[in-house]
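Using the numbering used here, the letters of the sequence shown map in sequence onto residues -6 to 422. Cβ atoms here follow ideal geometry from the backbone N, Cα and C, with glycine treated the same way. From a predicted model like this one, the values you see are computed outputs, not experimental measurements. Notes to accompany the following structure.
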Amino acid sequence: MTMRETIFATSSGAPPAAIAIVRLSGPSAFTIARGLVGDLPVPRRAALRALHDPRDGSVLDRALVLVFPGPRTATGEDLVEFQVHGGRAVVLAVEACLAAQPGARHAEAGEFTRRALENGVIDLTEAEGLGDLLSAQTETQRRAALRVAEGGLRAQVDHWTDRLIDIAARIEAQLDFSDEDDVTSENSDEIVAAIAVTAAEIARLLSAPPVERLYDGVRLVLAGPPNSGKSTLLNALAGREVAIVSAISGTTRDRIEVPVERGGIAYLLTDTAGLTDFPGDEIERIGIERAADAIASADIVVWLGDDAPSDPAHLRVHARADLPGRDALPSDRVLALSAKTGEGLDGLWEVIAQRARALLPQEDVLTTNRRQRGLLSACLEHLQAATGSDFLIVAEEVRGALKALDAVAGRSGIENVLDAIFSRFCIGK
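Next comes the structure, spelled out in structure tokens:
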């Protein structure tokens, strides 16, 4: 792969569809496009053209053609879009024609976005945000990804970088030109205080839940004694039959995990074996151990049945509100519901969602992924070490912090992560 090559791919959904967009980007994009359509339309204005195969002059399709001269394009290069009919045969014919043109080849996964990064159109945080946007399954995931993809984290990192560059310049002036009359003497306490402001802002961002929380899902575990209605409730919450329901005690022997989206939040529902001090056999004992592990790692535990642990984080639920005895419920029960009739389910979901939102990144807070958090943590360590009156030490730590911020934005030290990042992208993006 070289930047001198011109690449193409279908950037819309897989055919068949009403319309398909075939994108062409690179130094030979306009030359190749002229071979198919003749005179190119005015830049950034769509024009209807017949697409001809330069090899034999045959008509491939009639298409809307748009040309975008670089560098003010999505990739930073000359770019052409052919909006053709979305039949599979049409798309394959256009792609086969482009592949036969000298200097053109089919794009690799994420290569259009990678070129945008390498040409300075976006930075690495925006590319990662775009990748998250493409894989978003819930509304909360979409909103968080869009904010990063549109440059929210980039703007914050650039702000910190500009501030630290200014601080570094002030320190270097003291180190190199402190004996000059026109160089203002700097107070080390003022510089350290300015560094502390940036450190506090980075620490605040790192204290927010990571973006992975949105994608892994809130771990919601159903627990309780055998035959307390956990599997019935799991089916009701999932909206489908995923667990065997039986009046026989101990039907569920192992954890059953079901991903569910509700109200824009992703959950991982887990049904567990009934907890008892007297397991009937070795398999049931192992199931109880796994249930205990699930409870220990849960974000939210919904406890069904009596003898609930005295954990205030547990939601205590009576899952058979359609049966006699509802009036005798203990006063500390949160909810009474019937998984069979659906009574009380909406109320349970409301309580669950309220707790889940407290575990997830807030909408007005930027989210960071594991790579970004690691580098921001390194930056923070450098800033926290930049204390005292020795300007040489402070200058070195500030340089280390700036290097970490450059890596966050993709300005340095990123070659080893690019392939992993862009492999998540679809062809044509």
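- In terms of CA proximity to Val30, Pro47 leads the group Tyr208, Pro47, Leu110.
- Within the model, the alpha-carbon separation for Asn228 versus Gln134 is close to 25 angstroms.
- Contact annotation: the stretch 72 to 92 touches the stretch 3 to 23, with at least three C-beta pairs closer than 8 angstroms.
- A straight-line Cα-Cα distance of about 33 angstroms links Asp49 and Pro64.
- Taking the C-beta atoms as reference points, Val310 is found nearer than 8 angstroms to Leu330.
- Remark: C-beta atoms of Asp292 and Leu213 approach each other more closely than 8 angstroms.
- Within the same chain, Phe1, Arg98, His99 come within 8 angstroms of Ala92 by CB-CB distance, once the 5 residues on both sides are set aside.
- A check of alpha carbon separations from Arg156 across Leu168, Leu127, Ile195, Ala120 identifies Ile195 as the nearest.
- For Thr133, the three-state secondary structure derived from DSSP is helix.
- Out of Gly340, Arg404, Val204, the CA that lies nearest to the CA of Leu230 is found in Gly340.
- DSSP lists no beta-bridge partner residue for Trp153.
- Ranked by Cα distance from Leu199, the options Ala402, Gly232, Leu373, Phe384 are led by Leu373.
- Inter-residue distance for Gln377 and Ala189 is about 7 angstroms (C-alpha atoms, whole angstroms).
- Shown here, Arg55 sits in a strand according to DSSP, grouped into three states.
- Around the beta carbon of Gly103, a 10 Å sphere encloses 16 or more other beta carbons of the protein chains shown; the residue is thus reported as buried.
- With a contact defined as Cβ atoms closer than 8 angstroms, Leu126 and Ala138 qualify at about 4 angstroms.
- Pairing Pro34 with Thr(-1), the inter-Cα distance amounts to about 20 angstroms.
- In chain order, Leu359 place their CB closer than 7 angstroms to the CB of Gly145, counting only its own chain and leaving out the 5 sequence neighbours on each side.
- The three-state reading of DSSP puts Val87 in helix, counting H, G and I together.
- In terms of CA proximity to Gly393, Thr154 leads the group Asp209, Thr154, Pro20, Arg38.
- Residue burial is scored here from C-beta neighbours: Gln365 has at least 16 other C-beta atoms within 10 angstroms and is therefore classed as buried.
- By the criterion of a C-beta distance shorter than 7 angstroms, Pro272 is surrounded in its chain by Arg278, Ile281, once the five residues flanking it on both sides are discounted.
- Positions of the alpha helix (DSSP H) runs, each at least 4 residues long and wholly inside the stretch 248 to 299, are given as 275 to 289 in order along the chain.
- According to the DSSP assignment, Ser370 belongs to the alpha helix (DSSP H) that extends over 363 to 378.
- Residue range 104 to 111 is occupied by the alpha helix (DSSP H) that includes Phe105.
- For Ile25, the uninterrupted alpha helix (DSSP H) segment begins and ends at 22 to 30.
- Taken through DSSP and simplified to helix, strand or coil, Ser303 comes out as coil.
- The C-beta separation of Gln347 from Ala259 comes to about 16 angstroms, leaving the pair out of contact by the 8 angstroms criterion.
- In the displayed model, Thr225 falls within a helix according to three-state DSSP.
- Around the CB of Ile184, 16 or more other CB atoms lie within 10 Å, so the residue is classed as buried.
- Under the 10 Å beta carbon count, Pro354 is surrounded by 16 or more other beta carbons and is classified as buried.
- Here Gly337 has Ala314, Leu328, Ala329, Leu330, Ser331 as same chain residues with Cβ atoms under 7 angstroms from its own Cβ, once five neighbours each way along the sequence are excluded.
- Assignment of Thr3 by DSSP, reduced to helix, strand and coil, places it in the strand class.
- Excluding residues up to 5 positions away in sequence, Leu110, Ala402, Gly403, Ile407 lie with their Cβ nearer than 7 angstroms to the Cβ of Leu117 in the same chain.
- In its chain, beyond the 5 residues on either side, no residue has a beta carbon closer than 8 angstroms to the beta carbon of Arg197.
- Only residues of its own chain outside the window of five on either side were considered, and among them Ala102, Gly103 have a CB closer than 8 angstroms to the CB of Ser416, listed in chain order.
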